[in-house]
Each structure stands twice: as structure tokens, then as C-alpha cells.
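Okay, structure first, notes after.
Residue numbers (UniProt numbering): 1 to 947.
Structure (C-alpha cells):
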């Protein structure tokens with residue numbers, strides 16, 4: 001169940017349990033009545049915002065365990081609320097009402113406006129009012145519900161009026177609910193007056209304390225003002241006196257002071273001529289004394305010639321000649337809080353020295369760095385589940401554990417010896433040193449990395465910070481260490497790790513004084529980096545040398561031999577010899593034997609119980625139960641056909657057979673019936689006859705899985721309780737423990753169903769129920785579980801369909817992914833081939849360019865026009881380009897071909913024809929022939945054509 005924590009003005013937290021439909025007005029009322037406050041004078045505030053008291057908890061937006069503050073109302077508690085009432089026909093009327101008015105008063109006043117009595121019944125229909133999705137129906141509830149109880153304040157509200165049918169059962173339920181509410185308020189009001197008086201007294205004391213504090217503050221301010229005024233007037237008077245011109249006459253001291261020159265003062269005794277202070281009017285005498293002391297200071301008189309006047313002038317800026325009341329400087333002397341050491345006794349100790357503790361040497365740190373796994377990822381993978389709200393409820397087991405713990409605490413306190421606390425702490429520290437030899441410390445960095453190191457538990461705590469400083473990349477970086485909840489780490493060199501409570505394992509948090517944007521380079525680079533699993537393994541290996549620590553309490557143990565009282569030894573155990581455990585074991589065996597004899601005498605089965613106390617395994621116990629049960633009750637005329645069909649196996653196997661049969665679906669599931677027998681109950685011989693009747697037996701055989709157990713012996717009952725705890729049958733175990741309080745309810749059939757993954761008891765058949773009642777309950781549970789089974793079958797079919805759709809989607813996704821992958825591979829292949837072709841082309845062009853450059857270097861320069869024996873060749877190229885060049889007639893045809901090659905026209909891709917008819921391909925001619933040999937004219941024309 002959820003709850004709210006109400007913070008009251010008396011600094012107390014008042015937890016109030018809430019349900020989803022509980023009004024916040026009820027929360028306010030319960031907290032006020034429990035703490036002694038008037039609900040009308042307060043309101044609830046959450047995060048500095050007023051909470052609407054008319055809302056239920058589920059609509060308020062408050063989280064579970066939220067802290068709300070009980071705050072004093074700014075206005076008065078009384079007021080008027082404007083109510084708008086709307087009937088079933090949509091007609092709406094408005095009026096104002098006091099907050100203490102009931103709904104019946106509201107309807108009575110609105111009756112005049114609507115022209116009919118709204119409180120009367122009409123054809124068996126009762127009046128009702130609806131507000132905020134909550135309906136108040138029936139005359140009794142309308143008369144007992146006020147506007148303030150509904151959470152209304154000085155505000156407007158809309159209510160809907162209607163007449164609804166109410167059965168007698170509903171009227172009785174409403175009456176019980178109202179009576180319970182009145183009882184709850186009466187219970188809360190028991191201590192209301194006492195708490196109210198206590199709050200008033202506390203408030204009065206607080207006001208008195210504040211009044212005294214303010215008076216003390218005012219008195220202190222007045223005294224401070226008075227002292228400042230006196231000091232100012234005195235300063236002005238002294239200034240006026242020191243400004244007067246000096247006189248020639250002066251008084252001389254009758255004798256020189258014998259005190260230390262450093263302690264001379266014009267206000268001390270030796271400088272005064274009489275015990276009584278001189279009158280303020282004798283200014284001449286005081287000036288003479290001042291001049292005498294000045295002359296003495298200037299002449300260097302006194303021990304070692306120390307000038308006190310110069311010191312006074314340097315420190316105070318002036319020399320006071322006014323009389324002082326402090327005639328004796330040692331009057332206000334007090335010893336210092338801490339002893340001081342003079343310069344002459346530096347080698348002596350200031351006091352009794354503390355014993356120096358022998359710390360252990362430093363261990364091999366084995367420093368490693370690792371990242372801790374993300375809790376969100378662990379939760380997503382199923383590592384942890386969100387706890388249900390029922391987990392935080394106190395159940396029977398929790399109460400039993402609390403009772404056991406309190407009993408042990410009481411026993412320990414009663415047996416504790418009268419020993420000093422320091423002695424017990426010393427003994428416990430010795431035990432810790434023996435048990436906790438090694439310690440593992442982990443430091444969480446700001447970037448969530450973790451440093452792990454090994455320590456001896458008796459090392460000083462200061463070595464932790466030294467170790468951290470050594471792991472940092474910059475040892476000068478300032479940092480601080482803290483424990484959980486921001487508790488600072490005690491970095492003491494005189495305390496061990498055990499003294500500061502960090503042994504044998506502790507996690508601390510590192511905080512750098514200087515903020516960084518990147519903590520990746522915070523540590524030294526040579527540190528070893530590993531995983532969390534390896535770090536845990538190393539930690540376990542280092543801590544494996546430790547043993548279990550048992551606190552030493554100095555308890556006094558009573559010896560069973562003659563009632564001698566002895567103190568426990570240093571190991572915390574009783575003295576050697578035969579102790580109480582042996583006697584308890586023998587007594588337990590005697591009780592078991594006597595129990596078996598009593599059971600045999602009661603049931604007359606030759607001393608054979610349904611389940612023996614020394615059974616081997618569960619199957620042997622069930623087989624023995626079935627055999628003895630059959631021998632007992634079939635002799636009374638029960639046929640073998642009507643004998644119950646008990647399940648032979650463990651309880652967990654029966655649960656699986658009922659709700660998750662192997663090889664079967666949801667249609668094969670059946671409810672589980674637990675038959676719990678008790679030989680000492682009054683119906684031990686009656687209920688088995690009902691169990692073996694035709695009607696009951698046929699239902700159990702066909703529709704249920706029947707599992708038997710005998711709880712006559714306490715050990716068997718505890719064993720069944722343990723099985724239920726292990727098998728996630730918490731609700732069944734709670735019902736079982738509650739029913740075992742009354743032995744006469746047994747034998748019992750617990751009818752168990754499984755709904756939404758939870759095992760719960762749908763019904764139970766006690767030993768006092770008849771055959772008709774048993775059949776009726778079996779059929780009712782069967783009908784309820786059939787509906788659950790149909791829903792499970794529908795869910796299973798939907799789950800199978802979803803699985804099929806998911807599989808089809810997965811296959812389609814894989815096919816689409818394969819097609820996309822093939823397209824990507826083809827596209828990548830085409831791009832790769834295109835790149836290769838482009839690279840090849842560029843390489844060929846580069847080679848061709850290099851070849852042309854080599855040919856161009858071999859080609860001679862064009863002859864000048866002034867030379868003789870020349871010829872001019874015109875070359876017509878593709879695209880209309882024309883080239884013209886002069887050649888010497890003694891040059892060969894190869895020179896012309898090389899020239900065309902340098903212009904990009906190679907013989908591999910082009911053909912060259914002359915102007916003869918028919919035209920000739922000059923590439924077929926001898927390249928070494930000269931133009932004279934070829935008999936070309938002075939002007940020749942060459943045509944270039946592509947191949």
C-alpha cells in the first residue's frame with residue numbers, strides 16, 4: 001500500500017497510508033488528529049504549492065512516499081463555498097453554503113429552488129450526489145458527509161444530483177462503512193487532546209525562548225552602544241588634555257619600579273603615588289608623571305634599555321594619561337585551554353603521551369581500473385525486477401523475524417556483563433584485526449570509472465589518499481574523498497582502516513577541487529585496465545584470507561550443569577562440556593517419540609502415522625501417506641473407485657502439473673487442491689469420508705490436481721511452509737499460516753488457481769464443511785478458473801499469432817536485407833570497376849604524354865623561312881583543325897610522323913593520306929626515305945583520318 005509522509009510543525013513525520021481513491025482531505029484529517037492539530041486550521045503543501053484536498057490520491061499527481069508539509073492556513077478556517085447543483089434534466093442552480101454544512105443541508109436548501117423535495121425516495125430510488133467521480137448516496141451518507149469532509153474550501157464546486165437504486169445489502173455496507181469511519185476518527189481522537197496540549201506548551205516555550213532571545217539581543221545592543229559612547233567621550237577628553245601646553249614642574253617617583261621593564265605601564269601600581277586614584281582635576285600632577293616617564297624612557301633606564309613607551313606609541317598611536325580601573329594586570333588572568341611549551345623546555349613533552357599504535361606495512365596495491373556495468377542494462381536483460389508494492393508491506397514472516405530479533409536482543413542485554421564500553425571496544429577491535437586481515441577499497445571517479453586497491457586492515461587511513469595521489473597523472477591536483485551520503489573520509493595518520501570503519505571493503509567517491517571537462521586523462525597511463533568480472537575475482541581472492549567477525553559482547557551464559565552462571569569465553573561460546581543443546585536434542589527426540597505414540601493411539605493404525613518423522617524423500621513420504629490413508633478410511637466402506645487420486649511427487653511438481661503441464665497447452669491446465677491433514681483435529685475421521693464421496697471425488701479426479709500432506713507434526717508443517725516460500729507461493733503461505741492458528745479447521749482443502757502469473761487461494765474447504773458445501777465451492781472455483789483458462793488460451797493463441805507474425809516479419813526483413821546487401825555489393829562493384837577503368841585510363845594517358853614528350857625531344861626544330869631546299873606541308877586533321885610546318889627536303893618521313901605524334905595523332909589510331917590520286921597512305925611508305933627520295937613537291941597536303 002502506498003503512503004504519504006506528512007511533515008508536521010512539531011518537526012515530526014507522520015506516515016499516512018493511502019489508497020488510490022482516498023481523498024487528500026482524509027490524509028490531512030488523519031495527520032492532524034494523530035499529532036494534535038485542528039484540521040480546519042491547516043492545509044497540505046507539496047513543493048511550495050497548495051494541494052487540492054478534494055482530489056483523490058490517484059488524481060493528485062503525488063508520488064508514493066512523497067513528503068507533504070502541514071502548513072498553517074493563511075485565512076480563517078470558516079468560510080462559504082459556492083455550490084452549483086445540476087439535476088438529471090440538466091437544470092442547474094447555484095447557492096452558497098458554510099463548509100460545515102452537510103450534503104443533506106445542501107439538498108434541503110436546493111429543494112426550494114427546484115420546487116421538489118430532493119431528499120425523499122421516488123419509486124425505491126435513493127437521492128445521491130456525485131462530485132469528483134465519487135458518489136454519495138443514501139440519506140444516511142448524505143447526512144454524515146460535510147462539504148469540508150469532501151475537501152472543499154472557499155471555492156466553487158459543481159455537483160450532480162440523481163436518484164439511484166440501492167439494495168439492502170448496499171445500505172448495510174454503507175452503514176458499516178460509516179460506522180468504521182466514525183470508529184477510526186474516535187480512535188484518532190483519543191490522544192488528540194493530550195497532543196494538542198503538548199503542542200500548545202511547546203509553542204508557548206518556543207515563544208518564551210524567542211522573547212528572551214530578543215530581550216538579550218536588545219540588552220546587548222544597548223550595552224554595546226553605551227560602551228561605544230563612553231569610549232568616544234573618553235577619547236575626546238584625552239585628546240583635549242594632551243593638546244594642552246606642558247608645564248615646567250613635575251613630580252618624581254619616590255622609588256624606581258622593580259618589575260620587569262617590559263611590563264611597565266603608566267596605569268600600574270608603581271606609577272601611582274597613592275592607592276586611591278588621583279582626582280580628575282589634578283591634571284598637573286598627571287602631566288608631571290607623564291613627563292617624568294618620558295624622560296626616563298628617553299634616557300634608556302630600565303633593564304636592557306627596553307623602551308615600553310615606544311612600543312605603546314607604535315601599537316596604539318597615543319599614550320593614555322587617564323586613570324584606569326584595572327590596577328592589577330593579573331586580575332583577569334586565566335590558564336590557556338591548551339598547554340604551551342616554552343623555548344627552554346622544547347625537549348619535554350606537553351603532557352602524558354598517547355601509546356603509539358603499530359601499523360601494518362603497506363600491502364601490494366595491485367591497482368586496477370575498470371568500468372562498472374550499467375544498472376539499466378542489467379535490468380533490461382532481466383537481472384533485476386521492479387519490486388511490487390506488497391514487498392514493502394509487513395507480513396507474518398516479517399513480524400516473526402522482528403519478534404525473534406527482539407527476543408535475542410533482550411536475552412543478550414540480560415546476559416551482558418557489567419563491563420566498561422572501552423574494554424568492549426578494545427576486544428572487538430582485536431577480533432576485527434584477527435578476522436579482517438585484508439581490505440579492498442574502491443574509488444569511484446567523476447566519470448564513473450572505478451579504481452581498486454588492496455590494503456592491510458591495520459594500515460593508517462592516510463595511506464588511502466597517498467595511494468590516490470600516486471595514481472593521478474598530476475600528483476598536485478587537489479581532491480577529496482567521501483563515503484556514502486557525502487560523509488567525509490577520516491584521513492587520519494593515527495587511525496587504522498578499522499578505526500575509520502572502512503574495513504574489510506568500502507566504496508568511496510573522489511571529487512576533484514578543479515572541475516575538468518574530460519576526465520579521461522585524470523589517471524596515469526600505465527595503470528592496468530580490466531573488466532568488472534576480473535576486478536570482482538581479484539577482490540574475492542584478496543578477501544578470502546579473512547574470516548567471519550563475531551562481536552564480543554561479554555555475555556554471561558547459564559551452564560545447565562547445576563545452574564552455574566559463567567561468562568562466555570573470548571570465542572563467544574559457552575564453556576566446554578555437555579551444554580543445553582544436548583539436553584534440547586534429547587528432549588526433542590522424546591517429544592517426537594511421544595507424538596508418534598499419541599497419533600497411533602488416536603487413529604488406531606498400529607502406530608503408523610500418515611507421514612513418518614524420518615521419511616527419506618518426498619515420494620516416499622507421499623507413498624506412505626496414500627498407503628496409510630487408504631488403510632484407515634477405506635475400511636469404513638469406501639470403494640476403491642471413490643478413493644482420491646493423490647499426486648505422487650513434490651509440491652513444485654504438482655504445481656507444474658496443474659498450471660504448466662509438460663506437452664500440454666492452456667486447455668490442459670487445472671486448479672490445484674492441497675489436502676492438509678491433521679490427526680489431532682476434531683474432524684480428522686469425518687472429512688476424509690466427504691473427500692471420498694462420489695460427488696467430491698469425481699470432481700477432484702477429473703478437474704483438479706490433488707496433492708496431500710500431513711501437518712500433525714510441527715516439523716512437517718515447517719517443511720511445508722519452507723516449500724511454499726521456495727516455490728513463490730507467498731499468498732498461499734500467508735493463508736496457510738493464518739488458518740493453522742485454529743487446528744479444528746483441519747483437515748482442509750486449499751483450492752489454488754494461477755492468475756497473471758501469481759498463485760493465490762481462490763477458496764478453502766474446512767473440516768467442518770459438509771459435502772454440499774464442498775461440491776459448491778469446488779464448482780465455483782472450477783467456473784472461475786475456466787474463465788481464467790479461456791483467457792489464457794486466448795492469450796496463448798494471440799501470443800502464437802504474434803510469434804508467427806514476428807517470424808514472417810523476420811524472414812521478410814532478412815530477405816529485404818539480403819536484397820539490399822546484393823544491391824550494395826553490385827553498386828560497390830560497379831564503382832570499383834569504374835575507378836579501376838579511370839585509373840587505367842589516366843595511367844595510359846600519362847604514359848602517352850610521357851612518350852610524346854620523349855618524341856618531341858627527339859624532333860628537330862622547325863627550319864627558318866630563310867633556309868633553302870625547304871618544303872611546306874599542310875595537315876588537315878579531324879574536326880577541321882589544320883597544321884602547317886616547314887621541313888627540310890633532306891629530312892626523312894619519320895620526322896613528319898613524329899611531328900603528328902606530338903600533336904596527338906599516333907599511327908595506331910590514325911591514318912595519313914597525301915594529295916595524290918589515288919591517295920596513298922604514307923604510313924605504308926619507308927619511314928627512312930627523305931622527301932627528296934619520295935619526290936614530294938615543295939607544297940604538300942596531308943589528310944589525317946581516324947581508324
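From the three backbone atoms N, C-alpha and C, an ideal C-beta is built for every residue, glycine too.
> Which same chain residues, not among the five before or five after residue 64, have their C-beta less than 6 angstroms away from its C-beta?
Replying inline: Excluding residues within five positions, the ones whose Cβ falls inside 6 angstroms are 2.
>> Quick check: residue 62 and residue 46, are their CB atoms within less than 8 angstroms of each other?
In response: Going by beta carbons, residue 62 and residue 46 fall inside the 8 angstroms limit.
>> Which residues does DSSP list as the beta-bridge partners of residue 648?
In response: None, per the DSSP bridge assignment.
> Who are the near neighbours of residue 528 in its chain, counting only those whose CB is closer than 6 angstroms to its CB and skipping five residues on each side?
Replying inline: Counting only Cβ-Cβ distances below 6 angstroms, and skipping sequence neighbours, we find 368.
>> Pairs of beta-carbons, one from the stretch 397-410 and one from the stretch 520-537, closer than 8 angstroms: are there three or more?
In response: Because the criterion of three Cβ pairs below 8 angstroms is not met, the stretch 397-410 and the stretch 520-537 do not touch.
> What did DSSP end up calling residue 793 once you bin it into helix, strand or coil?
Replying inline: If DSSP states are grouped into helix, strand and coil, residue 793 belongs with the helices.
>> What ranges does the alpha helix (DSSP H) occupy inside the UniProt domain "RBD" (2-71), keeping only unbroken runs of at least 4 residues that lie completely in it?
In response: With a minimum length of 4 residues, the continuous alpha helix (DSSP H) runs that stay inside the UniProt domain "RBD" (2-71) are 24-35, 57-60.
>> Below 8 angstroms on the Cβ atoms is my contact criterion, and I expect residue 805 with residue 727 to pass it. Report the Cβ-Cβ distance as a whole number of Å.
In response: Going by Cβ atoms, the distance from residue 805 to residue 727 rounds to 35 angstroms, so no, they are not a contact pair.
> What residues are listed by DSSP as bridge partners for residue 195?
Replying inline: In the DSSP output, where bridge partners are listed per residue, residue 195 has none listed.
> Is there contact between the stretch 79-89 and the stretch 151-170, where contact requires at least three CB pairs shorter than 8 angstroms?
Replying inline: In short, these stretches touch, since the Cβ pair count reaches three.
>> Which of the three DSSP states is assigned to residue 371 in this structure?
In response: In this structure, residue 371 counts as strand in the three-state DSSP scheme.
>> Here's a check: name, in chain order, each residue in its chain whose Cβ is nearer than 7 angstroms to the Cβ of residue 896, leaving out the five neighbours to either side.
In response: These residues qualify, in order along the chain: 873, 887.
> Quick one, which of 903, 827, 868, 865 has its alpha-carbon nearest residue 854's?
Replying inline: Among 903, 827, 868, 865, the Cα nearest to that of residue 854 belongs to 903.
> Distance, Cα to Cα, residue 856 vs residue 832?
Replying inline: One C-alpha to the other measures close to 36 angstroms.
>> Considering only their Cβ atoms, is the gap separating residue 481 from residue 508 smaller than 8 angstroms?
In response: Going by beta carbons, residue 508 and residue 481 fall inside the 8 angstroms limit.
>> For a minimum of 3 consecutive residues, which ranges assigned as the beta strand (DSSP E) are wholly contained in the stretch 451-521?
In response: Fully enclosed beta strand (DSSP E) runs of 3 or longer: 479-482, 505-512.
> Can at least three beta-carbon pairs, one atom from the stretch 488-507 and one from the stretch 462-470, be found at a separation below 8 angstroms?
Replying inline: Contact between the stretch 488-507 and the stretch 462-470 is present, because at least three Cβ pairs lie under 8 angstroms.
>> Could you tell me the alpha carbon to alpha carbon distance between residue 4 and residue 66, rounded to whole angstroms?
In response: Each residue's Cα considered, the two are about 5 angstroms apart.
>> Please give me, in chain order, every unbroken run of the alpha helix (DSSP H) with length at least 4 that falls completely inside the stretch 382-450.
In response: If you keep only unbroken alpha helix (DSSP H) runs of at least 4 residues inside the stretch 382-450, you get 396-415, 421-435.
> So, is residue 102 buried or exposed, given that buried needs 16 or more other C-beta atoms within 10 angstroms?
Replying inline: By the 10 Å Cβ count, residue 102 comes out buried.
> Apart from the five residues just before and just after residue 501, which ones in its own chain have a Cβ nearer than 8 angstroms to its Cβ?
Replying inline: Excluding its 5 nearest sequence neighbours in each direction, residue 501 has no C-beta neighbour in its own chain below 8 angstroms.
>> Taking only three categories from DSSP, how would you classify residue 974?
In response: Examination of residue 974 is not possible in this model, given that the chain is present from 1 through 947 alone.
> If we call anything under 8 angstroms between Cβ atoms a contact, is residue 510 one with residue 433?
Replying inline: Cβ atoms of residue 510 and residue 433: not closer than 8 angstroms.
>> Let's see if you can read the secondary structure: which residues bound the alpha helix (DSSP H) around residue 536?
In response: Residue 536: member of the alpha helix (DSSP H) spanning 532-543, first to last residue.
>> Please report the straight-line C-alpha distance between residue 130 and residue 164, rounded to a whole angstrom.
In response: The alpha-carbon atoms of residue 130 and residue 164 are separated by roughly 11 angstroms.
>> Within the continuous beta strand (DSSP E) that includes residue 707, where are the two ends?
In response: For residue 707, the uninterrupted beta strand (DSSP E) run begins and ends at 705-710, by DSSP.
> If you pair each beta-carbon of the stretch 91-101 with each one of the stretch 129-148, do three or more pairs fall below 8 angstroms?
Replying inline: The answer is yes - the stretch 129-148 touches the stretch 91-101, with three or more Cβ pairs under 8 angstroms.
> When the Cβ atoms of the stretch 190-205 are set against those of the stretch 29-43, are three or more pairs found closer than 8 angstroms?
Replying inline: Output reads yes: the stretch 29-43 touches the stretch 190-205.
>> Could you give the first and the last residue of the continuous alpha helix (DSSP H) run that contains residue 185?
In response: Residues 168-188.
> Under a three-way DSSP split, which group does residue 558 fall into?
Replying inline: Its pLDDT being 47, under 50, residue 558 is placed unreliably in this model, and the value from its coordinates should be taken loosely. In the structure shown, residue 558 falls within a strand segment according to DSSP collapsed to helix, strand and coil.
> Near residue 245, which residues of its chain fall below 7 angstroms by C-beta distance, leaving aside the five closest residues on each side in sequence?
Replying inline: Bear in mind that the predicted position of residue 245 carries a pLDDT of just 49, short of 50, making it unreliable; the figure below should be weighed with that in mind. Result list for residue 245: empty, nothing under 7 angstroms.
> Going by Cα to Cα distance, which pick from 517, 947, 452 is closest to residue 506?
Replying inline: With distances taken between Cα atoms, residue 506 lies closest to 452.
> Which class does residue 871 belong to by DSSP, given the choice of helix, strand or coil?
Replying inline: Strand, per DSSP.
>> So, with DSSP's three-state summary, where would you put residue 817?
In response: DSSP places residue 817 in helix when its eight states are reduced to three.
> Which whole-angstrom value describes the C-beta separation of residue 796 and residue 666, a residue pair presumed to lie in contact below a C-beta threshold of 8 angstroms?
Replying inline: Between residue 796 and residue 666 a beta carbon distance of about 5 angstroms is seen, short of the 8 angstroms cut, so the two are scored as contacting.
> So the alpha helix (DSSP H) residue 690 belongs to, where does it begin and stop?
Replying inline: Segment 687-691, the alpha helix (DSSP H) holding residue 690.
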